[in-house]
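Here the protein sequences come in this chain order: A and Z. If you use this note's numbering, the first sequence corresponds to residues 930 to 1221, in order. If you use this note's numbering, the second sequence corresponds to residues 74 to 346, in order. Accompanying notes for the structure given below.
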Amino acid sequence: MKKVQFKSNYSQYFFLAPQLLILLIFLYWPIIQTFKDAFTMQDAFGFGSQFAGFDNFLFIFSDPSYFTAFKFTIIYSFVITLITGSIGLLLAVQANKVMHGKSAYKTLLIWPYAIAPAVVGVMANYFFSERYGLLHHLFNNLWGFNWYENVFDAYIYVIIAGSWKQISANFIFFLAGLQAIQKTVIEASIIDCKSNIRRFWTITFPLLMPTTFFLIIINITYAFFDTFGIIDTTTIGAPGSETKTLVYKAYIDGFKGLDLGSAGAQSIMMMIIVLVITIFQFRYIEGKIHYN
Amino acid sequence: MTKYISLTINHFILSIGLLVMIVPIWIIFASSTHSSLFINTNGLQFFLGDNFIENYSRVLFKQSGFFNEITALKMFFNSFVMATGIAILSVVTSLMAAYGLVYFKVKYATVIFWLIFITLLVPLELRIMPSYIVMSKLNLVNTFAGLILPISASAIATFFFRQFYKSIPDELLEAAKLDGTNSLRFFIDFLIPLSKTMIAAVFIFMFVFGYNQYLWPLIMTTSEQYWTVVMGLKTMYGSISDRFAFVIMSMIPPVIIIIFLQKLFIQGIFQNK
Chain A
930 MKKVQFKSNY SQYFFLAPQL LILLIFLYWP IIQTFKDAFT MQDAFGFGSQ FAGFDNFLFI
990 FSDPSYFTAF KFTIIYSFVI TLITGSIGLL LAVQANKVMH GKSAYKTLLI WPYAIAPAVV
1050 GVMANYFFSE RYGLLHHLFN NLWGFNWYEN VFDAYIYVII AGSWKQISAN FIFFLAGLQA
1110 IQKTVIEASI IDCKSNIRRF WTITFPLLMP TTFFLIIINI TYAFFDTFGI IDTTTIGAPG
1170 SETKTLVYKA YIDGFKGLDL GSAGAQSIMM MIIVLVITIF QFRYIEGKIH YN
Chain Z
74 MTKYISLTIN HFILSIGLLV MIVPIWIIFA SSTHSSLFIN TNGLQFFLGD NFIENYSRVL
134 FKQSGFFNEI TALKMFFNSF VMATGIAILS VVTSLMAAYG LVYFKVKYAT VIFWLIFITL
194 LVPLELRIMP SYIVMSKLNL VNTFAGLILP ISASAIATFF FRQFYKSIPD ELLEAAKLDG
254 TNSLRFFIDF LIPLSKTMIA AVFIFMFVFG YNQYLWPLIM TTSEQYWTVV MGLKTMYGSI
314 SDRFAFVIMS MIPPVIIIIF LQKLFIQGIF QNK
């Protein structure tokens, strides 16, 4: 920390106490409860429970619907990251080049960022409804779109709904990243390399790596957790349960199915996934990035 | 000449981006100004109708919900209380905790550091069911405290403030110490004024984050009196144009905040880098 610090016996705890207290009650207590749930088995009527070891985990691993949710979550995060990242970068590069109307473009492209995922989902609902839906009609004319029966079509529905607002977040951060690159570096590179496209991939893009990397994590987290509101207001997992994310499935099993053991085990599995992503972030990628 | 061509291409691509972002909202807005009968027969609309005032005032003041116990106006009030509470509580607790971590010699500092930051790995969505059980044990279901506290239990803001404090030169504290300033005075007179931009950015971020919560209010509010805008959206019943009007109204508060305070927000985030 700091080289110069206050020396005191108690004031530091006065400053730390409010946050630690809130975390202990509203975060650690539920987390401990999650672990307890995951390792106990409750009988069907909720009268008693007993220690179950890893039975809940074995149960979710033998459940094909868990793998369906796992597969969908991975595909969903990957596609959303790819789509929103590349469109966000494309728009940011253009906005960084234009001289007129830069701030107008910026303002108008930024604001969907503020809209709640659940609100986006409700809106998407109208565009994909059989009755009013413009996109439903368009896709239906193209290839017979029907998301209640066709898994691929349901994927398209939730991917469009999930990507739309996240483009804004990617645009904001890429633009800020581009503006942080020093003019002199770009000017020097113009002398060495005439081609715009090659210069972008060999000079600008490597300098944007910290931003890109940060956004990959942000997008994956978004696809894992924040899309709950989107799934719950669009497909609700339809056609069968092919568009349930892991978070959505844990919620359905816990709240609707009242299976606390399974929901707890699923939560712990997700914590492990988040932990792995974070370790990967710090250990592997951070070392390979060139900061400017 | 080639410069003009490439600039035209830039503007062209940006315009397509703008259309993708704006047209969906425009269509919902335009449709919200028509009567339901008109929408039901003619589908979504591109052009404005003349039921704007009628539809919007009906949605704001009409009783709705399963038991017809709440108006949209009350939902907005609830959302504001929740979002403001989350923003204030996160800013205050995180500002203090980061100060405690950076400016003091703390026993077991590493343990406390990890106790705080490992919570970043466990978003509310992962502990939703047990959180509900804890809240019902504490009798906090259907209260504002129940809506606010678990969402404020987050270390994201602490992380930002900690990074910011670390970037402040040590000389500031040395000078203050020579003047005999105590730790509380240093915090209030020096650090808080220095962190103004950062505080504003975190406040905006947490306000929008709180306002946009969906799952937690869905679970925590069995009484309609505590419904918030974003969760009420799905459950609110009404004619199709009422629902369009409510969708448009629901996005106004966070969107206005982000548009007007975007400079502050972006500055705050990038002060760290």
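No residue lacks a Cβ here, since even glycine has one placed at the ideal position from N, Cα and C.
Limits of the unbroken alpha helix (DSSP H) element including T308(Z):
302-308
So the candidates are T1002(A), Y1061(A), Q971(A); which of them puts its Cα closest to the Cα of T114(Z)?
Y1061(A)
CB S314(Z) to CB S109(Z), shorter than 8 Å?
yes
Neighbour list for A967(A) in chain Z, Cβ cutoff strictly below 7 Å:
What A967(A) touches in chain Z: nothing, since even the nearest Cβ is about 10 Å away.
Inter-stretch contact at 8 Å, needing at least 3 Cβ pairs: the region 1076-1083 of chain A / the region 1187-1203 of chain A:
no
Indicate whether at least one CB of chain A lies closer than 8 Å to the CB of G347(Z).
Because chain Z here runs from 74 to 346, residue 347(Z) falls outside it and cannot be looked at.
Where the alpha helix (DSSP H) through M1138(A) begins and ends:
1138-1150
Got a sec? Which residues, its chain only, sit under 7 Å from Q979(A) by beta carbon, not counting five neighbours each side?
T969, M970
Counting Cβ pairs closer than 8 Å, one from the region 1159-1168 of chain A and one from the region 1044-1061 of chain A, do we hit at least three?
yes
Identify every residue that forms a DSSP beta bridge with T969(A).
F980(A)
Near A1090(A), what residues of its chain come up, given a Cβ to Cβ distance below 7 Å and the 5 sequence neighbours on each side ignored?
V1049, G1050, A1053, I1159, T1163
Residues, ordered as in the chain, of the region 206-226 of chain Z that lie near chain A by beta-carbon distance below 7 Å:
I206, V207, L222, P223, S225, A226
Assuming F338(Z) contacts A274(Z) (C-beta within less than 8 Å), just tell me the rounded distance between them.
5 Å
List the endpoints of the continuous alpha helix (DSSP H) containing H1065(A).
1063-1072
Just to confirm the assignment, what range does the alpha helix (DSSP H) spanning I1120(A) have?
1112-1121
What are the boundary residues of the alpha helix (DSSP H) that includes Y1005(A)?
993-1026
Are the C-beta atoms of L133(Z) and some chain A residue less than 8 Å apart?
no
Endpoints, alpha helix (DSSP H) assigned at A1109(A):
1095-1109
Less than 8 Å between C-beta atoms, sequence neighbours within five positions excluded: which residues of the same chain meet that for K210(Z)?
none
Check whether the Cβ atoms of L117(Z) and S104(Z) lie closer than 8 Å to each other.
yes
List the endpoints of the continuous alpha helix (DSSP H) containing W99(Z).
75-105
Going by beta carbon distance, what residues of the same chain come within less than 7 Å of A946(A), once the five residues before and after it are set aside?
none
Only counting the same chain, and skipping five residues up and downstream in sequence, which positions put a Cβ closer than 8 Å to that of F186(Z)?
L174
Which same chain residues, not among the five before or five after T254(Z), have their C-beta less than 8 Å away from its C-beta?
D262, F263
What residue from T75(Z), H84(Z), V93(Z), S79(Z) has the CA that sits closest to S1097(A)'s CA?
V93(Z)
Between Q1095(A), K1123(A), T1133(A), A1117(A), which lies nearest to I1110(A) when the distance is taken from Cα to Cα?
T1133(A)
Assuming the contact rule is C-beta atoms closer than 8 Å, I229(Z) and L193(Z) should be a hit. Round their C-beta distance to whole Å, please.
7 Å
So, is P1135(A) buried or exposed, given that buried needs 16 or more other C-beta atoms within 10 angstroms?
exposed
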